Amino acid sequence: MVGADILLDTLGENLARQKVTPGSVMVLVDSQGHVLAYEEASRMVLASPASDGKPSLARIDELGVPALVPLLPVVRKMQDEEAQILGVTVSGNTWRVSVNRLLLEGVPPLYLVTAIPESELMAGALRVIQHSASATLLVLLLTIPLTWLLAQSISRSLRRLASEAEAIRHFEFSRPIALESSIKEVTELVLTMDGMKRTIHRFLDISETVAAEQNFDRLLPRLLSDTLSASGARAGVLYLAEDGQLNPAAALDDTGSALAGELPSLDVARAGPLLGAALTDGVARANRLQPEDIACLGPATANLAEASHAIAVPLCNRKSELVGAMILLCDTATDSSRLSFVKALSGTAAVSLESKALIKAQKDLFEAFIQLLATAIDAKSPYTGGHCARVPELTKMLARAACAASSGPYQDFQLTEDDWEALHVAAWLHDCGKVTTPEYVVDKATKLEAIHDRIHEIRMRFEVLKRDAEISGLQAIVAGTDAESVHRRVAAELQRLDDDFAFVASCNEGGEFMAPESIDRLRSIATRTWLRTLDDRIGISREEKLRKARTPCPKLPVVEALLADKPEHVFARRPQDRMPENNRWGFRMPVPALLYNRGELYNLSVARGTLSAEERYKINEHIVQTLVMLSQLPFPRHLRQVPEIAGAHHEKMDGSGYPRQLRREQMSPLARMMAIADIFEALTAVDRPYKKGKTLSEALAIMSRMQQEQHIDPDLFALFLRAGVHLDYAREFMQPEQVDAIDVERLLATTLRPPPAV
């Protein structure tokens, strides 16, 4: 048997030497938690209670170490467990605790409890972390400025590119992209974006050019010129396709000058190797010029010897139909990028050509239509022959004089291309309402003329009266009356009838003025009667029967007046023939109560001319119909003023004209110009069967009085004379014998100028 006596102090010292950190605690305890060894032996032994006076070993929770207090239950529950590791938090401090069983044969279980403060256990690791964090922070402090400077250099370029992209998005192409960068990728992106910007700009320029140009004939050279500039070609030819032929429409060099020499038309089927292949495939092709290609181009391109290559561009519309073609002559071979650009451009050019060609065709159709209508109106009546064609020419002459005026009220007057088109259309359509005016009213040359001249009916009545007088005389002779006296009486009666008819016939011809005594004589003649023995209600139209039915049918024979105003001569005005007082057009013309009055005495008594009040209204109503017809047409925006210009040429400056009684300030200058043109043409026209064309001095004298009476614009009349418009028109449209000398200043000496300006 071997025994050893080991002091508890010795065990405590050994445990103290095994501490990992200064604050560590190591305790050896038994299964009940009594301390067997501890670095401070004085704490292990507790004073005995007063009852027995024996000392005792302290338990682990009685050592005065807070971290060991919670371990008593753990030790007592260890039993067969060899080790247990746990964390204990006391007063905010965390401890790492391990309880390990000591296996000693023949000895009750003992446990080694080790408690280490976590702050001391991790002190090394924390120092490493602190050193690493300090090193990292130092590196960051050194690298962040460098990184920021590098990022700023890169981001500055990217921000500039982003602003350029934003400018492109807003279609701003005022300046090229100029940006230098040390980064290769950024530089490549700059070059790509600049090329994209220039390409888009070219497309937009061409589109804007096409959209802005309204004249089809001016569009063609502009389209070719822009294509040459965009593609970098030296010269080019633009063809239009028609009936299997390519007809040259424009031929320019890169300076915009037209190529000298004549260009031949090309057969689509034989257009040369290059253009023929492009037309066959329907896509642009580029190649070296062959002799056959040069021969097709003709002598106009002979001076372009350096142009050895060409691009052939077919122009097809939306239906893939050929509308034209372009040949672009180049000094060098065409790369794929330029060919791709030209292909894309050809689509825009083709659509533009098609759209503008359609617009031109519509304008040509409309122009033909308005001239057809005007020609039909002139052809309808010889009394207005050529009027609708001459008034537009005279109106344009006066408008050009106003635009050329360098002083006076019209010195700032100018017309845009749209204004000229509106004036042209309005002038040609200014009398379109005459299609509704009956011919027998327009052509009424005598007072009794309707469909035919009713003077023949009246003549026959006089013939009947003359026969009656002769028969009456013969009957008187047979009855035994002195034959000589009867012959004298009959002769006097016949002479009186002849004189009366001659007077009636002269009244029928019309004139400038009919004296009141002439009207009284007509009424006296109308009191004579004749005997009708035949029914006048058979063999006539339904409408005339209805008019005669207004009065009872008299019993035959019936005595009738030699000149009659019968009920059937009256034509009532229907509701649709009336003009509402508050009509939407603003017409303010006094409307006669009757539509027509064909009364013989009524018409023969017309004081001036041949037209009755009803017929004169029907004539004047053509301007009403003109305004109504034109206001119903869907004119485009730039032609919206056509009805106003065309419908005001019978207005007067003082508001006494018709149909709306407009004053000078309510009329546009173009409408006032047309009023002058309409009057001057009517006065000087030589193709009116009912009158002789007046001389230049006669017409201008009448117009001078009209401007004094504020019927026409005095300023425009003065311009009409001083600019020589009357002479220009006279040389072109009047007979030589009509052109006599005039004194312009004398005509204008009494001109009254109204206060309103142009």
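All letters in the sequence shown, in the order written, are residues 2 to 759 by this note's numbering.
Where is the CB? At the ideal position from N, CA and C, for every residue including glycine.
Since this is a predicted model, take the numbers as computed values, not measurements.
- Looking only at Ala-68, Glu-263, Met-79 and Pro-660, the smallest Cα-Cα distance to Gly-88 is reached by Ala-68.
- Secondary structure of Gln-85 (DSSP, three-state): strand.
- The criterion of a C-beta distance shorter than 9 Å is satisfied by Leu-563 and Thr-528.
- Around the CB of Cys-554, fewer than 16 other CB atoms lie within 10 Å, so the residue is classed as exposed.
- With a beta-carbon spacing of about 6 Å, Leu-523 and Cys-508 fall inside the 8 Å limit used to define contacts.
- Here Asn-318 carries a coil assignment [DSSP, helix/strand/coil].
- A contact is defined here as three or more CB-CB pairs under 8 Å, and the segment 232 to 245 meets this definition with respect to the segment 323 to 335.
- For Ala-446, no beta strand (DSSP E) segment is defined, and its DSSP state is neither H nor E.
- Under the three-state reduction of DSSP output, Cys-297 falls in the helix class.
- Our two residues, Pro-56 and Ala-42, have alpha carbons roughly 13 Å apart in a direct line.
- Note that the C-beta distance between Met-630 and Glu-645 is not below 9 Å.
- Residue pairing by DSSP places Leu-113 opposite Leu-29 and Asn-101 in a beta bridge.
- In this chain, the alpha helix (DSSP H) harbouring Gln-708 covers 697 to 709.
- A straight-line Cα-Cα distance of about 28 Å links Ile-207 and Asp-294.
- Under DSSP, Ser-57 forms a beta bridge with Leu-47.
- Counting other Cβ atoms within 10 Å of its Cβ, His-488 stays below 16 and is therefore classed as exposed.
- With respect to Val-687, Met-398 sits apart: the two C-beta atoms are not nearer than 9 Å.
- As the crow flies, the alpha-carbon of Ala-492 is around 15 Å from that of Gln-476.
- Beyond the five residues adjoining it in sequence on each side, Leu-221 comes within less than 7 Å, by CB distance, of Leu-239, Ala-250 and Ala-251 in the same chain, given in chain order.
- Our two residues, Leu-535 and Asp-444, have alpha carbons roughly 32 Å apart in a direct line.
- Less than 9 Å separates the beta-carbon of Arg-77 from that of Gly-34.
- Collapsing the DSSP output to three states places Thr-90 in a strand.
- Per the Cβ contact rule, the segment 280 to 287 is not in contact with the segment 258 to 268 (fewer than 3 Cβ pairs under 8 Å).
- When the Cα atoms are used, Arg-533 and Val-442 turn out to be separated by approximately 29 Å.
- Inter-segment contact for the segment 408 to 415 and the segment 715 to 722 is present: three or more beta-carbon pairs are separated by less than 8 Å.
- Under the Cβ criterion (8 Å, minimum of three pairs), the segment 358 to 367 does not count as touching the segment 624 to 641.
- Of the candidates Glu-615, Asp-716 and Arg-589, Glu-615 places its Cα closest to the Cα of Arg-574.
- Between Ala-311 and Leu-275, the C-beta gap is smaller than 9 Å, which places the two residues in contact.
- Two segments are said to touch when three or more pairs of C-beta atoms, one from each, lie closer than 8 Å; by this definition the segment 575 to 589 does not touch the segment 540 to 558.
- DSSP places Glu-746 inside the alpha helix (DSSP H), whose first and last residues are 745 to 749.
- Within the DSSP bridge table, the entry for Val-559 names Arg-533 as partners.
- Counting every other CB atom within 10 Å of its CB across the protein chains shown gives Ser-486 a total below 16, marking it as exposed.
- Separation of the CB atoms of Leu-290 and Pro-315 is rounded to 17 Å, and the pair is thereby denied contact status at 8 Å.
- Shown here, Met-194 sits in a helix according to DSSP, grouped into three states.
- Taking a C-beta distance under 9 Å as the contact criterion, Arg-599 and His-623 do not qualify as a contact pair.
- Contact between the segment 703 to 715 and the segment 644 to 664 is established, with three or more Cβ pairs separated by less than 8 Å.
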